[in-house]
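Below you'll find the structure, written out as structure tokens, and then a few comments.
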Amino acid sequence: MALAVFLLLASGCTAHELSRNTYEGIKTHEESLKSTPLERPGAPSPGYEEYERERRALSPREAE
Numbered sequence: 004m005a006l007a008v009f010l011l012l013a014s015g016c017t018a019h020e021l022s023r024n025t026y027e028g029i030k031t032h033e034e035s036l037k038s039t040p041l042e043r044p045g046a047p048s049p050g051y052e053e054y055e056r057e058r059r060a061l062s063p064r065e066a067e
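With the sequence shown counted from 1, adding 3 to any position gets you our numbering.
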């Protein structure tokens, strides 16, 4: 895990790309853990763009 983080940072990823990839990776991992139809939500998880919009709406001081 530490090696993967180091390689991502060493490859020159921007903070935005790193945040996006981390979010998408966690979302994919969480979805893979849901094994039965009852455990799967009716609506899919929001994409990174929607997540970022909601996050910025809740924390306007971090607007970039």
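Note that the Cβ used here is the ideal one computed from N, Cα and C, for glycine as well. For clarity, every value in this text was computed on a predicted model and none was experimentally measured.
Alpha-carbon to alpha-carbon, Ala-7 and Gly-50: When rounded, the distance between both Cα atoms is 23 Å.
Residue range of the unbroken alpha helix (DSSP H) whose run includes Ala-46: Neither: Ala-46 is in no alpha helix (DSSP H) and is coded neither H nor E.
Same chain, Cβ closer than 8 Å to Lys-30, five either side skipped, listed in chain order: Ser-48
Chain-order list of residues whose beta-carbon lies under 8 Å from that of Glu-57 (same chain, five-residue window excluded): Pro-49
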